[in-house]
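Chains as they are written, first to last, in my numbering: chain G, -18 to 281; chain E, 3 to 441; chain W, 25 to 359.
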């Protein structure tokens, strides 16, 4: 495998860099090599299978597994756009996940600021209640939520059921508890003196939040945004009931490849790959922030 | 004090929201429901009949345009995949917000009828779509609880046939397809060698399992539901029937153990590729073609029986399979919806759609069309006319399918693991399923 | 803007210098409202959303569990008769098949959760500690390890469904054809092995989360500790044993709780892997309840099961939270 562990060459500034002051003993280095190689194989094999299978003709993926494709074809990548309206699903998912992320992060910032910087009655009640919603089994409130959306629609004419707006509201709330909790932790780690100084300079609480706290909390906010985006991008259960043909998201739409007639495994893999690339790329690009954000926000 | 106020506000907000929910809860509180205040559009939920959702859309869109030209009614089409369909219908039923017209699997008819969400097709309603007499009797038998006004109208009809690979038969020196199960097992044993097997089975597919359980139980003289609609899943005859079917893998060894996890039509692929020589399927022709098997390479014969020839009673050899079309009770365009049902069941549409999908028209006059005289469809038509029986039309049908299907899936898993399929083993699984049926 | 927010200091920093003009009683009242109201104002959007999406539907869901909500009443809930505690009695009666099946599913879920969370934690901690030091290829390796976690759930699970196939899957190809470890190819998606399959998939896509959190936790350990200990002659193994692991204890508390809740409630993995009816060895409670309510359309009993599940999680978390929240409170209040 690649990247065989080896001591030395400190990458300055990379997150998590902590050189132990003494050189690790051989036993440690060897343990590290062996263990990390095993984990690398464990992590990489399914990804490899996905990648190669997406480049195989259908007959290949319906027969015995082989490590190397008998012939390489990009056909699956062409076909996926016709088998299901993937482009539309892509657009839907992008809109829904981006909007949910933006709103969720904004709402979480204000809530976390209140919880972190003020002592008020109900503060503890609020945090405990919000966190405990993490425990709600989705199945229990799927149908009621759906009914509420329908009734809001009937009463006000705002279409939440079947629309992207309904999904956005749902998903932004799904990621709120964790986001608030993490941002409270992060804001707590920012010295109060900073915002007080800003207020002496004439900022109000909102000004202090915008000009001092948010810039100082960027890693935490990015971490929360990643989490919110991933939550919205891959949710299946609620999307399967609350969307229709025009508003369907990728996570649900992917199931279209295993149809009535046949499972197009190569297309399933190709589509999964296409769907995964934006999130995985974003995630890996931003992981530095994630580690930094978690460090201050969640694990301290 | 302040905490109290906040709690009070929370409670108030909750109450208001709850009130909106319970007040309009369900949406169908006003009885009747149907109206005509939206006469120019319809929403139609179609099932996935073609090779993909998009394929269905390509097939249906031109037809819907014809309808629009004839009536001026625009139809919004949504093709819904099978994994989502029941949930979507559920959501529509519970909220009262659904399509105007929708396709349902015909075995769901009685279950959906029980919800009261679909428009009953009484004689007056039937008259508006051209009368009950236009439809094949067996297909009408699968449209709801007997004695009640049907909840849907047959749209596409299907039945089971025995598909076999001619080449494999020839190699094994078999000249004609099996007519009885004993023959099928004997042939199967001849055909099972060198990594190839006699029969392919969809062992982890609950619906397929339930359909076969129904037919095999019938052939042993058992009904899963008595006349009063009470379930009896574990009668000795039913046990024998299920044992015979699962035994093809566990005892006769003419089915590859791997079939125990088939749930996504892998068995059709196996037949097309010659990995298995026989398959029991509904209208497999189109699917075989899609997998590169030419029409001349496979034969179709009636599904075998225990002895004699297919017929009614213990000689039933297929369920009445198919798709029904229903009208949602809450439609705001009742006249348009019925016009659309009439359009979809008209001779021209029936011919066009059924020949595209490889199914049979349940409309008598359309069935006469030469397009449906292929060897395959002749066999299926014969089954539908003479030897097919509808699955139990009871409200608990979906539970029945789920429970018996799962029980058989577990039995296949046992068979695949090499455990023998004994009467006792089958009885135990079916008794468990029976206990979970609602009383 | 500045006039509106200037006095809104909130109730916390009371020691701030007071240069305000002498307030009138009216503006004093306004200010008081502002000051007390401001944190609540900040919370309003979150509160509204939580009420709309979580709390109220939850209350409705709990109400459902006291109703006889079967297919006969689904189109008009208000007609569904009250069932009192009947649904609960029905689902916890372990002498009847429904209750017995629920109990069995609960047992499977507990075993699955303990094993999966344990492995995720173990893997996460091991790898994070091994990668604490820099070495060549560390960045790439970290990206690789995090990839399964970043994949959308459906994509991550469907790969495994593909690889676990009996006839054509990669897993049997390796174990049976190439390594010859099994006499016959095994079944992974049906029968008893489905439990193993579930654990493997769940661990594969969740352990990177543990890795991520522990990695973040390691950053908070002060470097001086390591330096001091190595001056005292401690080797890497001793440092891990006596510095790293103890320092991770608070991180572990949060991590294990989060992993527990996610794993226990997990719906997507079993649903994508097995479909609507899971084999009994892999019958996790969330899919079990889903099947009970959505396949049979009996939402009364399904909701009763969900409420019991929620109560269980509340109890477990309630026993667990005091530990973590005491620590958080201590952190939140800089002394």
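Ideal Cβ placement from N, Cα and C applies to all residues, glycine included. Model, not experiment: these values are computed from the prediction.
Proximity to residue 239/E [Cα-Cα], best of 259/E, 40/E and 216/E: As a working mapping, residue 239/E is identified with position 237 in the second chain. Nearest C-alpha to residue 239/E: 216/E.
Chain-ordered chain G contacts of residue 451/E [CB-CB under 7 Å]: Summary: the structure shown does not reach residue 451/E, with chain E confined to residues 3 through 441, and so no result is reported for it.
Nearest to residue 344/E (by Cα), restricted to the options 61/E, 133/E and 271/E: Along the second chain, one-based indexing puts residue 344/E at 342. Among 61/E, 133/E and 271/E, the Cα nearest to that of residue 344/E is on 133/E.
Beta-carbon spacing of residue 89/E, residue 222/G below 7 Å: Locating residue 89/E in the second chain gives position 87, where the first residue counts as 1. Locating residue 222/G in the first chain gives position 241, where the first residue counts as 1. Closer than 7 Å, so yes.
Sheet register partners of residue 76/E (DSSP bridge): Working through the second chain from its first residue, we reach residue 76/E at position 74. Beta-bridge analysis with DSSP links residue 76/E to 43/E.
Pick from 387/E, 219/E and 203/E that is closest to residue 263/E, judged by C-alpha positions: Position 261 of the second chain, counting from 1, holds the residue named residue 263/E. Nearest option by C-alpha distance: 203/E.
Residue 246/E: first and last residue of the uninterrupted beta strand (DSSP E) it sits in: Residue numbering aside, residue 246/E sits at position 244 when the second chain is read from its first letter. Here residue 246/E belongs to no beta strand (DSSP E); instead the alpha helix (DSSP H) covers 238 to 252.
3-residue-minimum beta strand (DSSP E) runs that sit fully inside the segment 76 to 110 of chain E, ordered along the chain: 76 to 82 and 103 to 107
Contact list for residue 124/G against chain E, beta-carbon separation under 7 Å: Taking the first residue of the first chain as position 1, residue 124/G is located at position 143. Taking the beta carbon of residue 124/G as reference, the chain E residues within 7 Å of it are 96, listed in sequence order.
Chain G within 7 Å of residue 118/E, Cβ atoms only: Locating residue 118/E in the second chain gives position 116, where the first residue counts as 1. Closer than 7 Å: no.
Min CB distance residue 346/W to chain G below 7 Å: Locating residue 346/W in the third chain gives position 322, where the first residue counts as 1. It does not: the Cβ of residue 346/W has no partner Cβ on chain G nearer than 7 Å.
Three-state class that DSSP yields for residue 234/W in the structure shown: Along the third chain, one-based indexing puts residue 234/W at 210. Helix.
Delimiting residues of the alpha helix (DSSP H) encompassing residue 314/E: As a first step, residue 314/E is located in the second chain; it is residue number 312 there, counting from the start. Segment: none, residue 314/E is in no alpha helix (DSSP H) and carries neither H nor E.
Partner residues on chain G for residue 289/W, Cβ-Cβ distance less than 7 Å: Numbered from 1 along the third chain, position 265 holds the residue referred to as residue 289/W. Neighbours of residue 289/W on chain G, chain order: 118.
8 Å contact criterion, which residue 194/E and residue 255/E should meet: CB distance rounded: Within the second chain, residue 194/E is the residue found at index 192, counting from 1. Within the second chain, residue 255/E is the residue found at index 253, counting from 1. Confirmed, Cβ separation roughly 7 Å.
Residue ranges of each alpha helix (DSSP H) within the segment 4 to 74 of chain G, 4 or longer: 7 to 34, 39 to 43 and 56 to 64
Cβ-based burial, residue 347/E [other Cβ within 10 Å; buried from 16]: In the second chain, residue 347/E corresponds to position 345, counting from 1. It counts as buried.
Interface residues of chain W facing residue 269/E [CB-CB closer than 9 Å]: Position 267 of the second chain, counted from the start, is the residue given in the question as residue 269/E. The contacting residues do not exist; residue 269/E stays about 12 Å from chain W at best.
Rounded distance between the beta-carbons of residue 389/E and residue 312/E, thought under 8 Å: Here residue 312/E refers to the residue found at position 310 when the second chain is read from its first residue. Here residue 389/E refers to the residue found at position 387 when the second chain is read from its first residue. Yes, residue 312/E and residue 389/E are in contact; Cβ-Cβ is about 4 Å, under 8 Å.
Reference residue 104/G, options 113/W, 109/W and 60/W, closest by Cα: Locating residue 104/G in the first chain gives position 123, counting from the first residue. Checked all of 113/W, 109/W and 60/W; the closest Cα to residue 104/G is 60/W.
Local Cβ density within 10 Å of residue 119/W, reported as buried at 16 or more and exposed below that: As a working mapping, residue 119/W is identified with position 95 in the third chain. With fewer than 16 neighbouring CB atoms inside 10 Å of its own CB, residue 119/W falls in the exposed class.
Meets three-Cβ-pair contact criterion under 8 Å: the segment 108 to 118 of chain E and the segment 224 to 242 of chain G: no
Contacts that residue 131/G makes with chain W (C-beta to C-beta distance below 7 Å): As a first step, residue 131/G must be located in the first chain, where it is residue number 150. The contact set of residue 131/G on chain W, defined by CB atoms closer than 7 Å, is empty, because the minimum CB distance reaches about 12 Å.
Residue-chain proximity (residue 196/E, chain G), Cβ-Cβ < 7 Å: Locating residue 196/E in the second chain gives position 194, where the first residue counts as 1. With 7 Å as the cut-off, residue 196/E does not count as an interface residue toward chain G.
Residue 28/G beta carbon less than 7 Å from that of residue 96/G: Within the first chain, numbered from 1, the residue matching residue 96/G stands at position 115. Within the first chain, numbered from 1, the residue matching residue 28/G stands at position 47. Their beta carbons are not under 7 Å apart, which means residue 96/G does not touch residue 28/G by this criterion.
Under the three-state DSSP convention, the category residue 163/G falls into: In the first chain, the residue the question calls residue 163/G occupies position 182. Reduced to three states, the DSSP call for residue 163/G is helix.
Cutoff 7 Å: residue 428/E Cβ touching any chain G Cβ: Locating residue 428/E in the second chain gives position 426, counting from the first residue. No, residue 428/E lies away from the interface with chain G (no Cβ there is under 7 Å from its Cβ).
Inter-stretch contact (C-beta, 8 Å, three-pair minimum) for the segment 148 to 158 of chain G and the segment 167 to 179 of chain G: Contact fails: fewer than three Cβ-Cβ distances are below 8 Å.
Nearest-angstrom Cα separation, counted from residue 93/W out to residue 323/W: Here residue 323/W refers to the residue found at position 299 of the third chain. Here residue 93/W refers to the residue found at position 69 of the third chain. Distance between the alpha carbons of residue 323/W and residue 93/W: 5 Å.
Range covered by the alpha helix (DSSP H) that runs through residue 277/W: Working through the third chain from its first residue, we reach residue 277/W at position 253. Here the alpha helix (DSSP H) through residue 277/W covers 273 to 288.
For residue 195/W, the three-state DSSP class (helix, strand or coil): Here residue 195/W corresponds to residue number 171 of the third chain, with the count starting at 1. In this structure, residue 195/W counts as helix in the three-state DSSP scheme.
Pairwise C-alpha distance: residue 354/E and residue 66/E: Working through the second chain from its first residue, we reach residue 66/E at position 64. Working through the second chain from its first residue, we reach residue 354/E at position 352. Rounded to whole angstroms, residue 66/E and residue 354/E show a C-alpha spacing of 12 Å.
Within chain W, the residues that residue 400/E reaches when beta carbons sit closer than 9 Å: For the purposes of this step, residue 400/E is taken as the residue at position 398 of the second chain. Those are 95, 319, 320 and 321, listed as they occur along chain W.
Interface positions of the segment 212 to 243 of chain W facing chain E (Cβ-Cβ less than 7 Å), listed along the chain: Residues 213, 214 and 215.
Residue 322/E - partner residues in DSSP beta bridges: Translated into the one-based positions of the second chain, residue 322/E becomes position 320. Residue 322/E is not bridged to any residue.
contact_flag[the segment 179 to 193 of chain G, the segment 254 to 271 of chain G] where n(CB pairs < 8 Å) is 3 or more: no
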